[in-house]
Each structure stands twice: as C-alpha cells, then as structure tokens.
Amino acid sequence: KIAEKSMSQLKVVEKPAEAARDADILYTDVWVSMGEDKEKEKRLKDFKGYQINADLLKVAARDAVVMHCLPAHRGLEITDDVIEGNQSIVWAQGENKLYGAAGILDLLLSRER
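Have a look at this one:
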C-alpha cells in the first residue's frame with residue numbers, strides 16, 4: 398500500500414546478486430544481535446549467502462554506497478574490505494546516528510515540565 402501511494406515498486410527477491418544489480422545502496426544489518434544466542438546457529442545458516450562482499454558490490458551501481466547500522470560482525474554480514482572500502486559510508490552513518498540520538502535526548506531532557 399505504501400509503495401502504491403508513493404508511486405514506487407516493491408520487489409522481493411531471494412538472490413542477493415539480483416537484489417544488488419544496479420542498486421545505489423547496499424544495506425545490511427547484524428545477523429545475530431546480543432541476547433539472541435539461542436538463535437545464532439539457525440540465523441547463521443539462514444543468512445549464509447547474503448553477505449555483502451566485493452563480488453556483490455561489483456553488480457551494484459558504479460557509485461553505490463554500502464551501509465550497516467553497526468555493530469558489524471566482520472566476515473559474517475559484511476567483509477573487511479567492503480566495510481573499510483571507498484564505497485562504505487558506515488562510519489559516517491554511525492556518526493550521524495550519534496548526533497541523532499543526542500538531539501533526541503536534548504529535546505526530551507530540555508522540555509518544560
């Protein structure tokens with residue numbers, strides 16, 4: 398419904414290379430969060446093959462950027478060469494997250510009661 402209202406399309410695919418083809422942004426998240434130890438093996442099995450790596454980045458747009466919400470488990474959801482590469486904006490993203498959180502705290506703590 399949201400896609401229709403914004404005149405956009407949503408396509409669900411299972412193959413990472415198909416999803417990444419000509420993409421402007423490749424975004425991944427941590428596969429196993431803190432406190433999810435019971436699900437670790439299942440998640441690692443389920444997400445195997447969905448890693449952002451140099452081969453996947455090659456099928457994206459030439460000027461594509463890579464994002465990750467951090468903390469990253471290098472070698473699982475993203476490789477070292479990609480997270481540290483020229484197309485990564487992960488660290489800028491993390492810095493912006495800090496400023497966003499600080500702004501929210503400032504707003505909440507400075508409200509008149």
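Numbering follows my numbering, with no gaps: position 53 of the sequence shown is 450. Ideal Cβ placement from N, Cα and C applies to all residues, glycine included.
What would DSSP say about residue i, mapped onto helix, strand or coil?
i	result
Leu505	helix
With 16 other CB atoms within 10 Å as the buried threshold, where does residue i fall?
i	result
Glu488	The identity of residue 488 in the sequence shown is Trp, whereas the question assumes Glu. So Trp488 counts as exposed.
Ile475	buried
Ser485	buried
Ala457	buried
Arg449	Reading the sequence as shown, one finds Ile at residue 449 and not Arg. The residue is buried, with at least 16 neighbouring Cβ atoms inside 10 Å.
Val479	buried
His517	Residue 517 is absent from the model: the chain starts at 398 and stops at 510.
Ala451	exposed
Ala469	buried
Going by C-alpha to C-alpha distance, which of the options sits closest to residue i?
i	options	result
Tyr424	Leu504, Asp443, Lys437, Leu454	Leu454
Val411	Asp443, Lys494, Ile422, Ser403	In the sequence on display, residue 411 carries Glu and not Val. The residue with the shortest Cα to Cα distance from Glu411 is Asp443.
Query raised in the report: Is the region 417-429 touching the region 455-469 in the sense that three or more CB pairs, one from each, lie closer than 8 angstroms?
Result: yes
**Report entry** Runs of alpha helix (DSSP H) wholly within the region 424-501 (minimum 4 residues, chain order)
**Finding:** Runs found: 437-444, 451-456, 477-480.
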